[in-house]
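For reference, the structure is listed below as structure tokens.
There are 2 protein chains.
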Amino acid sequence: MPRNPVLDASRIRAAALHIIDRDGLAGLSMRKLAAELGVRAASLYGHVATKDDLLHEVAGAILEEVDVGGFAGGDWRHGLVTCARSYRAALAAHPNIVPFLAYGPAHREASLRRLDVVHGALVAAGWTRREATMIAASLVYLVLGAALSSFSRGFSADRARYGDRYPNLDKAHLLPSVAAELDHDSFELALDAFVTGLGQRARG
Amino acid sequence: MPRNPVLDASRIRAAALHIIDRDGLAGLSMRKLAAELGVRAASLYGHVATKDDLLHEVAGAILEEVDVGGFAGGDWRHGLVTCARSYRAALAAHPNIVPFLAYGPAHREASLRRLDVVHGALVAAGWTRREATMIAASLVYLVLGAALSSFSRGFSADRARYGDRYPNLDKAHLLPSVAAELDHDSFELALDAFVTGLGQRARG
DNA sequence: ACCTGAACACCGTTCAAGT
DNA sequence: ACCTGAACACCGTTCAAGT
Chain A
1 MPRNPVLDAS RIRAAALHII DRDGLAGLSM RKLAAELGVR AASLYGHVAT KDDLLHEVAG
61 AILEEVDVGG FAGGDWRHGL VTCARSYRAA LAAHPNIVPF LAYGPAHREA SLRRLDVVHG
121 ALVAAGWTRR EATMIAASLV YLVLGAALSS FSRGFSADRA RYGDRYPNLD KAHLLPSVAA
181 ELDHDSFELA LDAFVTGLGQ RARG
Chain B
1 MPRNPVLDAS RIRAAALHII DRDGLAGLSM RKLAAELGVR AASLYGHVAT KDDLLHEVAG
61 AILEEVDVGG FAGGDWRHGL VTCARSYRAA LAAHPNIVPF LAYGPAHREA SLRRLDVVHG
121 ALVAAGWTRR EATMIAASLV YLVLGAALSS FSRGFSADRA RYGDRYPNLD KAHLLPSVAA
181 ELDHDSFELA LDAFVTGLGQ RARG
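Note that the protein sequences, when read in sequence, are chains A and B.
Throughout the first sequence, residue numbering follows UniProt numbering, covering 1 to 204 in sequence.
Throughout the second sequence, residue numbering follows UniProt numbering, covering 1 to 204 in sequence.
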């Protein structure tokens, strides 16, 4: 009768995230997770309702890094930019879990709390409620799209594979080594253009 | 010895897409697909290398709807907007397959061909090769993000579930019934702001 | 040439039983 | 209270065998 139980929810979450980072989303199984924790698969179900639930908890912990504090100063542009950057950084730290976010990222309590802050700040800045909703949605589009469809994953490491079939493509950009930088710069370009374009609307 | 084989690759693809549309991505199994085609699972492997391969083929067929013809007139803004809209429409027609695109959407031949067209048109319009790459990437971010994180999926149908915890959120916007319209309008807002912001850069 | 039965090595999840 | 063995109902994939 061990006083210190081997398992608890936070240790399970940490181990699950570690496996996802190392082996990918498809590489996570309840049996492998249990083995990594020195236990049998059935034991996990005393602490976690379901694999899907566990994934939502892991994703939720990651999204805790999203910073909506930039809206506090009253500058909605600065708020949007810092929020978007922290959001992207949080996802970029654990890229393998991003596809999972496709299945309803906003359901969770903490996400709605952050969304509420963004929404309130935008309305305070003079946008209508509907515009605020659409701007917040657009920001999520940008961040999730960037995290998901990064060049780093999208292209083959084998440069020669593309041959001469795409005369306009700069083949150097397809190399994974430069892709990470290109991902970052593309995100910044998109974010800047988006905020600039919004500013035009606001006559600001 | 039937002269007309029961199975062929295109019939398999169509059935697979039908199941995905109806039952979701997780609802597609090789056994169910085979049953739907009046055949056993093993038979599929005479026509399709792997389930993953099949999904790539299905996704490829959907992406065939992306229209890069709007660049032909020499107006890059018009090209970007029509490309983005047709891209989004293609994905919105089969939302359940979008999460699959997370795993390397640009690998495929036809996608690279379209990317090459976009890239060439942007360079012809005066953007540098690097800018062209980043603009194309940004457009994909926007479209994929919009297809993925749509309000239609993100929120609960049960309005009361949110209670009064989010004073700033307009709860009407969380209803699925208005979510589709909001998704559309948010995408148009993001696209317009993005292109406007780009135009600012181009001093156009 | 095309399809099938049976098998292999996996899954998530449950539950009575052990300590 | 917490963990386990064994089982259930599934997976994707292979391959010798049938027609």
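Even for Gly, the Cβ is constructed at its ideal location relative to N, Cα and C.
Could you tell me which of the options sits nearest to residue i, measuring between CA atoms?
i	options	result
A/Gly120	A/Ser29, A/Ala26, A/Gly74, A/Leu101	A/Gly74
B/Glu131	B/Leu101, B/His184, B/Leu198, B/Asn96	B/Leu198
A/Val143	A/Leu122, A/His184, A/Ala110, A/Asp52	A/His184
B/Ala14	B/Asp192, B/Ala42, B/Ile62, B/Arg108	B/Ile62
A/Ala26	A/Pro95, A/Ala42, A/Asp192, A/His78	A/Pro95
A/Leu7	A/Arg22, A/Asp23, A/Tyr45	A/Tyr45
B/Ala93	B/Ala49, B/Arg22, B/Gly69	B/Arg22
B/Asp53	B/Thr196, B/Ser177, B/Ile12, B/Phe187	B/Ile12
A/Phe187	A/Gln200, A/Lys51, A/Ser149	A/Ser149
B/Trp127	B/Arg77, B/Gly145, B/Thr82, B/Asn168	B/Arg77
B/Ala125	A/Arg129, A/Ala125, A/Asn168	A/Asn168
A/Gly145	A/Arg129, A/Gln200, A/Ser43, A/Ala84	A/Ala84
A/Ile97	A/Ala41, A/Ser177, A/Gly24	A/Gly24
Taking 8 Å as the threshold (beta carbon to beta carbon), is residue i in contact with chain B?
i	result
A/Ile20	no
A/Gly79	no
A/Ala157	Model confidence at A/Ala157 stands at a pLDDT of 42, short of 50, so the residue's coordinates are unreliable and nothing is read from them.
A/Met30	no
A/Val140	yes
A/Ala160	Low confidence applies here, because A/Ala160 scores a pLDDT of 49, under 50, leaving its location unreliable; read the following figure in that light. Chain B contact via Cβ: absent.
A/Ala84	no
A/Gly145	yes
A/Gly74	no
A/Leu63	no
A/Leu7	no
A/Leu17	no
Going by beta-carbon coordinates alone, are residue i and residue j separated by less than 8 Å?
i	j	result
B/Ala9	B/His47	yes
B/Pro99	A/Tyr141	no
A/Ala190	B/Ser29	no
A/Phe194	B/Ala193	yes
A/Ala147	A/Arg88	yes
A/Glu109	A/Ser86	no
B/Leu80	A/Tyr166	no
B/Ala136	B/Leu115	yes
A/Leu101	B/Thr133	no
A/Ile19	A/Lys32	yes
B/Val117	B/Phe71	yes
B/Thr82	B/Asp67	yes
So is residue i in contact with chain A if we call contact Cβ pairs under 8 Å?
i	result
B/Arg201	yes
B/Phe194	yes
B/Ala190	yes
B/Ser177	no
B/Ala137	yes
B/Leu198	yes
B/Ser186	yes
B/Asp23	no
B/Asp67	no
B/Leu33	no
B/Ser10	no
B/Ala14	no
B/Leu148	yes
For the ligand GTP, is there any heavy atom lying closer than 7 Å to the beta carbon of residue i?
i	result
B/Ala61	Because no ligand of any kind appears in the structure shown, any question about the ligand GTP cannot be addressed here.
Open item on the list: To be precise: take each residue of the region 36 to 55 of chain B, compare its Cβ to all Cβ atoms of chain A, and keep it if any distance is under 7 Å. Which residues remain?
Closed with: none
TODO: Evaluate contact between the region 56 to 69 of chain A and the region 32 to 42 of chain A, counting only Cβ atoms and requiring at least three cross-stretch pairs below 8 Å.
DONE: no
Task: Contacting positions in the region 120 to 131 of chain A - beta carbon closer than 7 Å to chain B - done: Gly120, Val123, Arg129
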